[in-house]
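Note sheet for the following structure.
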Amino acid sequence: MSNFSILLLKDSDVGVRQYHFGSKLLFFLLTLFLIGTAALGWKFFEQFQTITKQSLLIEKQEKTQMAFQQRIDLYDGRESRISFLEDYVEELKQSEHNSNVMFKKHSALFRSNTQKLDELHNYICQTLETQCAPKLNIQANPKQTVLWLEQIYQDFIVFNQSLQKFDSRRRSFEEQANIIQQLRGQLVETEQNLSEHMEFLKVNQETVTRLTKKISKTTGITLSKIGKSKQAKTKTGRGGPTILDSLSLDSPQVLLSSGNLRHFLYSNSDNYDVTVAQLEDLSRLIERNHSIWRQTPTMIPIRSRALSDRYGMRVDPFSKKREYHAGIDFRARRGTPVYAPADAVVRIAGRKAGFGLLVELLHGRGFFPGKKKSVRYRTRFAHLSKIKVKRGQQVKRGDLLGLVGSTGRSTGPHLHYEMIINGRRTNPLLPISRFNPDQRLYRH
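When the letters of the sequence shown are read in order and numbered with my numbering, they come out as residues 8 to 451.
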């Protein structure tokens with residue numbers, strides 16, 4: 008084996024000096040250099056791994072922060088809905104309070120007219136000097152008032168007979184006949200006041216019942232069995248003139264029997280109790296289900312009621328073949344506003360193939376006809392000429408989404424409206440016709 012060595016010569020004043028380096032020393036220096044290089048490379052490798060791990064950790068933290076921000080935005084939206092529901096419940100309570108105030112007002116008017124009738128009755132009794140029913144007690148309850156009205160009803164029959172006798176003898180009793188005529192005028196006026204008041208109460212009761220049925224039908228909420236059980240107790244025939252209509256001094260033979268007055272007043276009292284119970288049930292149910300109701304797309308998204316194409320199979324305007332149409336088309340002029348049919352979050356707001364300018368709303372859970380459980384709603388509005396919302400934006404029922412146009416696969420200006428229930432396309436007319444029967448559409 009050959010040995011290597013290095014000889015260094017250095018010139019100086021003394022002479023030439025020699026430095027001799029053997030092969031072992033050179034091998035030791037080379038080995039030391041390689042070990043240093045390897046240690047430095049390992050250090051760089053460890054620093055690279057550390058930097059890579061820190062980058063992954065930072066990316067994970069950013070994703071976690073984004074998810075946390077999305078949750079915060081979701082909670083903010085729920086807080087706004089809760090605030091709206093609280094305002095709506097307060098409005099309902101105020102309406103109920105106003106109804107109670109009106110009822111008390113007209114009840115007070117009824118008591119006032121009853122007192123006038125009592126005074127007139129006493130005056131007639133004193134004038135004719137006949138035995139009559141006792142005076143009405145001011146603290147009398149409704150049942151006692153009904154019994155008293157039945158008694159004075161019999162008195163008025165006697166008064167009517169006496170008045171007819173006085174009328175037949177008016178030549179000899181001219182002065183008494185004039186007094187009786189005045190009394191008859193006062194009686195007719197009082198009768199008309201009471202009749203108008205009773206008629207007003209009946210109309211008010213019918214209006215409340217009609218509105219209750221309409222709200223119940225619109226929201227799809229079934230009232231509790233309280234109203235049904237009480238209606239069963241009062242389920243008797245209705246119709247014909249009231250008792251007050253028969254209080255005529257000119258035709259005593261057509262007066263109603265004494266039991267009809269009690270039946271009429273008791274029936275109206277029970278009907279009022281039924282209405283109050285129904286409104287209380289409806290108020291409680293609306294408080295629990297209002298968020299779902301607000302997310303149910305029941306409103307027609309455009310003011311036009313004319314349809315150019317319905318949901319289902321149709322002749323395609325381009326291919327001229329029968330093809331499936333996934334929505335309904337509203338006829339409308341370019342630029343007609345398009346509104347949100349319910350509260351939602353904008354899922355898509357942009358151009359899509361075939362749809363043109365498209366807005367898609369994610370409503371969350373809502374009611375659907377024929378289903379006991381709530382469903383997930385999505386709605387689409389296609390062929391728009393302009394979009395007025397952005398992706399991720401919160402919208403409420405009636406907010407502007409865009410303007411009608413003819414972008415995408417379209418033959419002219421119209422609105423293509425689709426509804427997706429639990430991931431499946433369905434006929435958008437189903438919830439509209441069920442929850443809003445007054446908004447009728449027609450094929451142009």
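We treat Cβ as the ideally placed atom computed from N, Cα and C, and that holds for glycine. Since we're looking at a predicted model, the values are computed, not measured.
Looking at the secondary structure, which residues open and close the beta strand (DSSP E) in which Ile355 lies? Numbered from its first residue, the sequence shown carries residue 355 at position 348. In the DSSP assignment, Ile355 falls within the unbroken beta strand (DSSP E) covering Ala351 to Lys359.
Reduced DSSP category for Ser326 - H, G, I as helix; E, B as strand; rest coil: Mapped onto the sequence shown, residue 326 falls at position 319. Correct three-state label for Ser326: coil.
In angstroms, rounded to a whole number, what distance separates the CA positions of Thr305 and Ile439? In the sequence shown, the residue the question calls residue 305 occupies position 298. In the sequence shown, the residue the question calls residue 439 occupies position 432. Here the alpha carbon of Thr305 sits roughly 5 angstroms from the alpha carbon of Ile439.
Tell me which same chain residues have a C-beta within less than 6 angstroms of the C-beta of Val382, skipping the five on either side of it? The residue given as residue 382 occupies position 375 in the sequence shown. The answer, listed in chain order, is Phe375, Ile428 and Asn429.
Range covered by the alpha helix (DSSP H) that runs through Pro438: Translated into positions along the sequence shown, residue 438 becomes position 431. Here the alpha helix (DSSP H) through Pro438 covers Leu436 to Phe442.
Does DSSP put Met306 in a helix, a strand or coil? For the purposes of this step, residue 306 is taken as residue 299 along the sequence shown, with counting starting at 1. DSSP, reduced to helix, strand and coil, places Met306 outside both helices and strands of the structure shown, so it counts as coil.
Is the beta carbon of Ser392 less than 8 angstroms from the beta carbon of Gly342? As a first step, residue 392 must be located in the sequence shown, where it is residue number 385. As a first step, residue 342 must be located in the sequence shown, where it is residue number 335. Yes, they are a contact pair.
For Asp406, report the span of its beta strand (DSSP E) as first-last. Counted from its first residue, the sequence shown places residue 406 at position 399. Careful: Asp406 lies outside any beta strand (DSSP E) and carries neither H nor E.
DSSP three-state label for Val382, please. By 1-based counting over the sequence shown, the position of residue 382 is 375. Val382: strand per DSSP, three-state reduction.
Which value, in whole angstroms, describes the spacing of the CA atoms of Arg387 and Ile79? Taking the sequence shown and counting its residues from 1, the one referred to as residue 387 is at position 380. Taking the sequence shown and counting its residues from 1, the one referred to as residue 79 is at position 72. Rounded to whole angstroms, the separation of the alpha carbons of Ile79 and Arg387 is 27 angstroms.
Just to confirm before moving on: does the CB-CB distance between Gly357 and Ile299 stay below 8 angstroms? In the sequence shown, the residue the question calls residue 357 occupies position 350. In the sequence shown, the residue the question calls residue 299 occupies position 292. It is not a contact, given that the beta carbons lie outside the stated cut-off.
Out of Gly319, Lys359 and Ser202, state which residue places its alpha-carbon closest to the alpha-carbon of Ala333. Locating residue 333 in the sequence shown gives position 326, where the first residue counts as 1. Here the closest residue by C-alpha is Gly319.
Comparing C-alpha positions only, which one of Ser169, Val352 and Thr303 sits nearest to Lys380? Locating residue 380 in the sequence shown gives position 373, where the first residue counts as 1. It is Thr303 whose Cα lies nearest to the Cα of Lys380.
Are the CB atoms of Ala349 and Arg404 within a distance shorter than 8 angstroms? Here residue 404 refers to the residue found at position 397 of the sequence shown. Here residue 349 refers to the residue found at position 342 of the sequence shown. Closer than 8 angstroms, so yes.
With a threshold of 7 angstroms on Cβ separation, who are the neighbours of Leu127 within its own chain once the five nearest residues in sequence on each side are excluded? Taking the first residue of the sequence shown as 1, we reach residue 127 at position 120. Result list for Leu127: Gln193, Leu194 and Thr197, in chain order.
For Arg387, which residues does DSSP report across the bridge? Position 380 of the sequence shown, counted from the start, is the residue given in the question as residue 387. Answer is Glu367 and Glu425, bridged to Arg387.
Reduced DSSP secondary structure (H/G/I, E/B, other) of Ser311: As a working note, residue 311 is residue 304 in the sequence shown. Coil, per DSSP.
With Ile335 and Asp323 assumed to form a contact (beta carbons below 8 angstroms), what rounded beta-carbon distance in angstroms separates them? In the sequence shown, counting from the first residue as 1, residue 335 sits at position 328. In the sequence shown, counting from the first residue as 1, residue 323 sits at position 316. Not a contact, Cβ separation roughly 15 angstroms.
Could you have a look at Val411 and say whether DSSP puts it in helix, strand or coil? Locating residue 411 in the sequence shown gives position 404, where the first residue counts as 1. Residue state, collapsed to three classes: strand.
Straight-line Cα distance separating Glu367 from Lys395: Taking the sequence shown and counting its residues from 1, the one referred to as residue 395 is at position 388. Taking the sequence shown and counting its residues from 1, the one referred to as residue 367 is at position 360. The straight-line gap from Cα to Cα measures roughly 12 angstroms.
Option in Leu190, Leu410, Thr152 and Leu63 with minimal Cα separation from Leu170: Against the sequence shown, residue 170 aligns to sequence position 163. Comparing Cα-Cα distances from Leu170 to each of Leu190, Leu410, Thr152 and Leu63, the minimum goes to Leu190.
Suppose the cutoff is 6 angstroms on Cβ atoms and the five residues either side in sequence are ignored; what does the same chain contact list for Ser371 look like? On the sequence shown, residue 371 is found 364 positions in, with the first residue counted as 1. It is worth fixing the name first, because residue 371 is Gly in this sequence and not Ser. Here the set comprises Gln302.
Going by C-alpha to C-alpha distance, which of Glu53, Ser30 and Ile187 sits closest to Thr134? As a position in the sequence shown, residue 134 is number 127, starting the count at 1. It is Ile187.
Straight-line CA distance for Lys70 to Asp83? Locating residue 70 in the sequence shown gives position 63, counting from the first residue. Locating residue 83 in the sequence shown gives position 76, counting from the first residue. Each residue's Cα considered, the two are about 20 angstroms apart.
Residue span of the beta strand (DSSP E) that contains Phe337, given as start and end: As a first step, residue 337 is located in the sequence shown; it is residue number 330 there, counting from the start. Start and end: Ile335 to Arg338.
Going straight from the alpha carbon of Asn120 to that of Gln138, what length do you get? Taking the sequence shown and counting its residues from 1, the one referred to as residue 120 is at position 113. Taking the sequence shown and counting its residues from 1, the one referred to as residue 138 is at position 131. So the two alpha carbons sit approximately 23 angstroms from each other.
Rounded to whole angstroms, what is the Cα-Cα separation between Thr241 and Thr418? Mapped onto the sequence shown, residue 241 falls at position 234. Mapped onto the sequence shown, residue 418 falls at position 411. Residue placement at Thr241 is poorly supported in this model, since its pLDDT is 41, which falls under 50; the coordinates are not used for a value here.
Shortest alpha-carbon distance to Phe91 belongs to which of Gln54, Asn296, Gln168 and Val165? As a position in the sequence shown, residue 91 is number 84, starting the count at 1. Checked all of Gln54, Asn296, Gln168 and Val165; the closest Cα to Phe91 is Asn296.
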